[in-house]
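Reviewing the structure listed below.
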Amino acid sequence: MNPNPDGLQSPGYKISPELNANVSITTLDRIYNWSRRNSLWPMMFGLACCAIEMICTAASRYDFSRFGMEVMRASPRQADVMIVSGTVTKKMIPQIVRLYNQMAEPKYVIAMGACASGGGPFKEGYNVVSGVDKFIPVDVYIPGCPPTPQALLNGLIALQHKVDGESLRNVRWYGKEAIPAIPVPVLGPDLMDPRLYAHIREYEQQQAAQADGVAQDEAQEGA
Ligand code: SF4
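Just remember that my numbering sits 12 ahead of the position in the sequence shown, which is counted from 1.
This is the structure:
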């Protein structure tokens, strides 16, 4: 029997028991995903109370190094997973998008907790983004306020399953098209998303045309 059914060995290939510890028959996809899923390095940053639970998950009691994730990287260039752990404020989102852009492919995002997933208890707040997925793509959402360390571990395992299901034939980072960076939002009097500039311009033109129409009507009535 294979001692590690989730390991490198591809199911369906019989290997004699005496060779089982030394020989594996596998596919390129499986060895590629097996090595990546067991060395997903998270980026070392936290945003709010959820970050305390993330820190607990890294500490000795829960210890996510058991899943090959102990090397938290302070540089986005060396990180594979961004764990968005906490409230995403409008002041913080430009930095989050910039860090995401600086991560090398393949890269993944986990939205940890109610705030990162949808704004949480601060959803209607003037300073809060209602979900980090408004700006960057999220691979795994973890519910809770805050999620427990066990829930974060479950989310990380869900991400490993997602990696298991990828294939070299169609992963985006080996595609012919360059992957465009996400435009970094601009924080002015309010948060401006550069992807919406065309829409905002169109809206402003409509408003200006409407105001012109009203002014002309008033002028005609006055004459
Ligand atoms: S989801 Fe709850 S625990 Fe997590 S950052 Fe928001 S308020 Fe804090």
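Every residue, glycine too, gets a C-beta built ideally from N, C-alpha and C.
Residues that residue i bridges to, as DSSP identifies them
i	result
Ala123	Val96 and Tyr153
Pro54	Val93
Arg85	Met55
Met204	Val198
Val140	Thr101
Buried/exposed call for residue i, threshold 16 Cβ in 10 Å
i	result
Lys188	exposed
Ser51	exposed
Lys135	exposed
Gln172	buried
Leu208	exposed
Leu31	exposed
Gly167	buried
Leu275	Not covered by the structure: residue 275. The range shown for the chain is 13 to 235.
Trp185	exposed
Pro155	exposed
Asp92	buried
Ser34	According to the sequence displayed, residue 34 carries Asn and not Ser. Counting Cβ neighbours within 10 Å, Asn34 comes out exposed, since fewer than 16 surround it.
Gly234	exposed
Ala86	exposed
Heavy atom of the ligand SF4 within 8 angstroms of residue i beta-carbon
i	result
Ala126	yes
Gly253	The shown model of the chain, from 13 to 235, leaves out residue 253, and the question about it has no answer.
Cys61	yes
Cys7	Any answer about residue 7 is impossible in this case: the structure gives the chain only from 13 up to 235.
Phe134	yes
Pro158	yes
Residue i beta carbon near the ligand MG (any heavy atom closer than 8 angstroms)
i	result
Leu164	The ligand content of the structure shown is limited to the ligand SF4, which means the ligand MG is not among them.
Next on the checklist: For the stretch 160 to 173 against the stretch 99 to 106, do three or more pairs of beta-carbon atoms, one drawn from each stretch, fall closer than 8 angstroms, so that the two count as touching?
Outcome noted: no
Item to check | the stretch 141 to 157 contacting the stretch 186 to 203, beta-carbon criterion three pairs below 8 angstroms | outcome: yes
Checklist entry - Does the stretch 34 to 50 touch the stretch 62 to 71, meaning 3 or more C-beta pairs lie closer than 8 angstroms? => result no
Checklist entry - Between the stretch 55 to 64 and the stretch 125 to 140, do at least 3 Cβ pairs fall closer than 8 angstroms? => result yes
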